[in-house]
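Going by mature numbering (1 follows the signal peptide of the UniProt record, and there is no 0), the letters in the sequence shown line up with residues -22 to -1, 1 to 54, in that order.
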Amino acid sequence: MHKIIASICTLTFLLLIGCSLAAQDTMPNEPVQMAEGLRSSGKIYVVVAVVVTILAGVVVYLVNLDKKISRLEKGE
């Protein structure tokens, strides 16, 4: 259980590092046209749902992989 929490914390940390790098804005006063178009048509929620689903799947996969590796290390 301790390894699972450590894996999740590490994954979260690595994802947050990428967010801080992507948050740098080169043109602060101009709106992003693609985001405005998706938001106005309501499709931004579909994009967010897909991203969240993919990230949840990756987390579940990593947890299962960690369990399998732990089982192999114990020799069961």
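Glycine residues also receive a C-beta, built at the ideal position from the N, C-alpha and C atoms.
Quick check: what's the CA-CA separation for residue i versus residue j?
i: residue 37; j: residue 15; result: 30 Å
i: residue -17; j: residue -9; result: 12 Å
i: residue 24; j: residue 42; result: 27 Å
i: residue 45; j: residue 20; result: 39 Å
i: residue 12; j: residue 49; result: 46 Å
i: residue 31; j: residue -14; result: 19 Å
What whole-angstrom Cβ distance do residue i and residue j have, given they're in contact under 8 Å?
i: residue -7; j: residue 40; result: Contact doesn't hold; Cβ gap of about 16 Å is too wide.
Residue ranges of each beta strand (DSSP E) run of no fewer than 3 residues wholly in the region 15 to 43, ordered along the chain?
DSSP runs (the beta strand (DSSP E)) wholly in the region 15 to 43: none.
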